[in-house]
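Engineer: Questions regarding the structure given below will be posed in turn.
Protein chains: 2
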Amino acid sequence: MDTFTCIRTRREIREYLDKPIGDESLLRLLEAGRLAPSSKNSQPWQFVVIRNKETLNKIASLTPTGAHIAKALLAIAILMDGAKLPEIDGTRAIQNMVLAAWELGIGACWVTNFYEDAVKDLLGAPQRMKLVTVIPFGYPKEPKTKRNKMRKPLEEIVSYERLGEHSPK
Amino acid sequence: MDTFTCIRTRREIREYLDKPIGDESLLRLLEAGRLAPSSKNSQPWQFVVIRNKETLNKIASLTPTGAHIAKALLAIAILMDGAKLPEIDGTRAIQNMVLAAWELGIGACWVTNFYEDAVKDLLGAPQRMKLVTVIPFGYPKEPKTKRNKMRKPLEEIVSYERLGEHSPK
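See below:
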């Protein structure tokens with residue numbers, strides 16, 4: 000799938016089939032994260048692959064907005080160690096992962112709120128690390144839809160030279 | 000270009016040809032950002048397209064690490080307004096943009112440090128907004144290289160179920 004089509008068609012997916020993600024596909028996701036750029040190429044990330052159903056259920060209970068983690072057969076925790084810009088570098092890796100996943104027909108849906116200390120304890124991670132997210136992956140249960148994504152029009156979010164100048168000069 | 004190849008081959012590019020990026024390509028980059036996911040689909044971003052050479056030079060002087068902005072014919076400032084997670088949502092849009100750019104043969108290189116207040120003043124942005132970055136884009140001057148990216152091996156950054164368990168169970 001070409002890159003722009005992947006970006007254009009990708010959706011957040013919260014319902015997953017009971018179909019495991021094979022090792023080869025998992026490796027592809029991890030490689031996509033590994034190959035991401037980072038500040039000064041510091042690569043300050045640790046990826047924890049979670050397939051244990053009990054752990055997935057526990058993590059789902061440690062977030063008010065991530066119940067769908069319990070519906071997945073796979074999730075990846077992204078932990079940052081000593082990163083100057085943990086959210087930025089972590090997200091560069093994650094966005095690579097979710098796009099590489101989509102190309103393989105695999106969906107994902109970012110979760111933003113965690114009881115972070117408890118998740119880190121569960122994963123054996125030291126508290127000094129920053130948890131960016133635990134992101135579940137799975138083959139979409141939802142049928143493909145052709146409706147457009149709900150997004151603001153370009154005119155609302157693009158300016159030229161100065162904020163608010165919505166026409167190119 | 001398929002998505003994984005785009006992810007795999009993409010490099011940060013700091014030297015640009017004196018070849019403008021056409022409107023169609025620019026539109027593609029902006030669309031890639033516009034179509035990114037964001038927390039609760041809030042789309043809290045504003046993209047400011049900068050092609051004025053004087054402005055590019057000024058911005059380059061407002062960062063200790065972004066001299067290469069002055070070498071570009073195009074940069075996009077990503078400003079976040081009222082975002083709960085400005086770095087994360089901003090980076091999701093930017094990573095989409097830089098991948099869409101690479102597919103078109105266009106390079107970019109993230110800059111992390113800015114005198115943020117001064118850049119916002121220059122762009123007419125209110126101080127309440129968060130500047131995630133101003134990212135320069137351009138056709139690479141550097142010859143294509145076949146050397147591998149310098150990255151940590153997967154074994155160093157991937158664990159299974161618990162941090163430090165480097166073998167799948």
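Residue numbers (numbering that gives the first Met the number 0), protein chains in the order written: chain C, 0 to 168; chain E, 0 to 168.
Glycine included, C-beta positions come from ideal geometry on N, C-alpha and C.
1) Output yes if chain E places a C-beta closer than 8 Å to the C-beta of Gln126 of chain C; else output no.
2) Counting only C-beta atoms, is Ser158 of chain E closer than 8 Å to chain C at any point?
3) Specify the secondary structure class of Ser158 of chain C as computed by DSSP and reduced to three states.
4) What does Ser38 of chain E reach in chain C if we use C-beta pairs closer than 9 Å?
5) In whole angstroms, give me the CA-to-CA distance for Gly81 of chain C and Gln42 of chain C.
6) Taking only three categories from DSSP, how would you classify Ile105 of chain C?
7) Quick one: residues in its chain with C-beta nearer than 6 Å to the C-beta of Leu73 of chain C, no 5 flanking neighbours on either side, listed in chain order?
8) Look at the alpha carbon of Thr4 of chain C and the alpha carbon of Ala117 of chain E, and state the distance between them as a whole number of angstroms.
9) Would you kindly work out how many angstroms separate the C-alpha atoms of Thr132 of chain C and Ser38 of chain E, rounded to a whole number?
10) Out of curiosity, what's the CA-to-CA distance linking Thr111 of chain C and Arg27 of chain C?
11) Go to Phe113 of chain C, then tell me how far its alpha helix (DSSP H) extends in each direction, as first and last residue.
12) Check each candidate in E:Pro139, E:Glu155, E:Lys151 and name the one with the smallest Cα separation from Arg9 of chain E.
13) What residue range does the beta strand (DSSP E) around Ile20 of chain C cover?
14) What residues in the stretch 80–100 of chain E have a beta carbon less than 7 Å from any beta carbon of chain C?
15) Counting only C-beta atoms, is Thr62 of chain E closer than 8 Å to chain C at any point?
16) Any beta carbon from chain C within less than 8 Å of Leu72 of chain E's own beta carbon?
17) For Pro135 of chain C, which of helix, strand or coil comes out of DSSP?
18) So, at 7 Å on beta carbons, what are the nonlocal neighbours of Met79 of chain E in its own chain, with the 5 sequence-adjacent residues on each side left out?
19) Would you decide whether Lys119 of chain E is buried or exposed? Buried here means 16 or more other CB atoms lie within 10 Å of its CB.
20) Can the beta-carbon of Lys57 of chain C be found closer than 8 Å to that of Leu121 of chain C?
21) Exposed or buried, Leu16 of chain C, counting other C-beta atoms within 10 Å across all chains shown (16 or more means buried)?
22) Checking 8 Å against the spacing of the C-beta atoms, do Arg7 of chain C and Gly123 of chain E come in under that value?
23) Note the first and the last residue of the continuous beta strand (DSSP E) segment covering Leu73 of chain E.
24) Measure the beta-carbon distance from Gly163 of chain C to Ala92 of chain C and round it to whole angstroms, keeping in mind my assumption that it falls under 8 Å.
25) For Lys129 of chain C, does the three-state DSSP call read helix, strand or coil?
26) Are any of the Cβ atoms in chain C nearer than 8 Å to that of Ile49 of chain E?
27) Verify the CB distance criterion: does Glu102 of chain C have a CB-CB separation below 8 Å to chain E?
28) From C:Tyr159, C:Lys148, C:Glu11, pick the residue whose C-alpha is nearest to that of Gly65 of chain C; which is it?
Structural biologist: In short:
1) Stepping through the first sequence from its first residue, residue 126 of chain C is reached at position 127. Chain E, which has no Cβ nearer than 8 Å to the Cβ of Gln126 of chain C, makes this no.
2) Residue 158 of chain E sits at position 159 when you count from the first residue of the second sequence. Yes, contact with chain C.
3) Numbered from 1 along the first sequence, position 159 holds the residue referred to as residue 158 of chain C. Assignment of Ser158 of chain C by DSSP, reduced to helix, strand and coil, places it in the strand class.
4) Taking the first residue of the second sequence as 1, we reach residue 38 of chain E at position 39. Under the 9 Å cutoff, chain C gives Trp109, Thr111.
5) Position 82 of the first sequence, counting from 1, holds the residue named residue 81 of chain C. Position 43 of the first sequence, counting from 1, holds the residue named residue 42 of chain C. Each residue's Cα considered, the two are about 10 Å apart.
6) Walking along the first sequence from the start, residue 105 of chain C turns up at place 106. Ile105 of chain C: coil per DSSP, three-state reduction.
7) Numbered from 1 along the first sequence, position 74 holds the residue referred to as residue 73 of chain C. Close CB contacts of Leu73 of chain C within its chain, under the 6 Å cut and outside five residues either way in sequence, are with Ile20, Arg50, Phe136 (chain order).
8) Here residue 4 of chain C is taken as the residue at index 5 of the first sequence, counted from 1. Here residue 117 of chain E is taken as the residue at index 118 of the second sequence, counted from 1. Going by C-alpha positions, Thr4 of chain C is about 37 Å away from Ala117 of chain E.
9) Indexing the first sequence from 1 puts residue 132 of chain C at position 133. Indexing the second sequence from 1 puts residue 38 of chain E at position 39. Roughly 12 Å separates the two Cα atoms.
10) Numbered from 1 along the first sequence, position 112 holds the residue referred to as residue 111 of chain C. Numbered from 1 along the first sequence, position 28 holds the residue referred to as residue 27 of chain C. Rounded to the nearest angstrom, the two C-alpha atoms are 24 Å apart.
11) In the first sequence, counting from the first residue as 1, residue 113 of chain C sits at position 114. For Phe113 of chain C, no alpha helix (DSSP H) encloses it, and the DSSP letter there is neither H nor E.
12) Within the second sequence, numbered from 1, the residue matching residue 9 of chain E stands at position 10. Taking only the C-alpha atoms, the option nearest Arg9 of chain E is E:Pro139.
13) For the purposes of this step, residue 20 of chain C is taken as residue 21 along the first sequence, with counting starting at 1. Looking at the DSSP string, Ile20 of chain C is not in any beta strand (DSSP E), and its letter there is neither H nor E.
14) Residues passing the 7 Å Cβ filter: Leu84, Glu86, Ile87, Thr90, Arg91, Gln94, Asn95, Leu98, Ala99.
15) Your numbering for residue 62 of chain E matches position 63 in the second sequence. Thr62 of chain E does not count as touching chain C.
16) On the second sequence, position 73 is the one that residue 72 of chain E refers to. So no, Leu72 of chain E is outside the interface.
17) Here the question's residue 135 of chain C lines up with position 136 in the first sequence. In this structure, Pro135 of chain C counts as strand in the three-state DSSP scheme.
18) As a first step, residue 79 of chain E is located in the second sequence; it is residue number 80 there, counting from the start. Within the same chain, Met79 of chain E has close Cβ partners Pro43, Trp44, Pro85, Asp88, Gly89, Met128, Lys129, Val131.
19) As a first step, residue 119 of chain E is located in the second sequence; it is residue number 120 there, counting from the start. Looking at its Cβ environment, which holds 16 or more other Cβ atoms inside 10 Å, Lys119 of chain E is buried.
20) In the first sequence, the residue the question calls residue 57 of chain C occupies position 58. In the first sequence, the residue the question calls residue 121 of chain C occupies position 122. Closer than 8 Å, so yes.
21) Here residue 16 of chain C refers to the residue found at position 17 when the first sequence is read from its first residue. Its Cβ having fewer than 16 others within 10 Å, Leu16 of chain C is exposed.
22) Position 8 of the first sequence, counted from the start, is the residue given in the question as residue 7 of chain C. Position 124 of the second sequence, counted from the start, is the residue given in the question as residue 123 of chain E. Result no, Cβ atoms of Arg7 of chain C and Gly123 of chain E do not sit closer than 8 Å.
23) What you label residue 73 of chain E is simply residue 74 of the second sequence in a count that begins at 1. From DSSP, the beta strand (DSSP E) with Leu73 of chain E extends over 73–79.
24) Translated into the one-based positions of the first sequence, residue 163 of chain C becomes position 164. Translated into the one-based positions of the first sequence, residue 92 of chain C becomes position 93. Contact doesn't hold; Cβ gap of about 34 Å is too wide.
25) Sequence index remark: in the first sequence, residue 129 of chain C carries index 130 (1-based). Under the three-state reduction of DSSP, Lys129 of chain C is assigned to strand.
26) As a first step, residue 49 of chain E must be located in the second sequence, where it is residue number 50. Ile49 of chain E counts as touching chain C.
27) Counted from its first residue, the first sequence places residue 102 of chain C at position 103. Chain E, which has a Cβ nearer than 8 Å to the Cβ of Glu102 of chain C, makes this yes.
28) In the first sequence, residue 65 of chain C corresponds to position 66, counting from 1. Gly65 of chain C has its Cα closest to that of C:Glu11, out of C:Tyr159, C:Lys148, C:Glu11.
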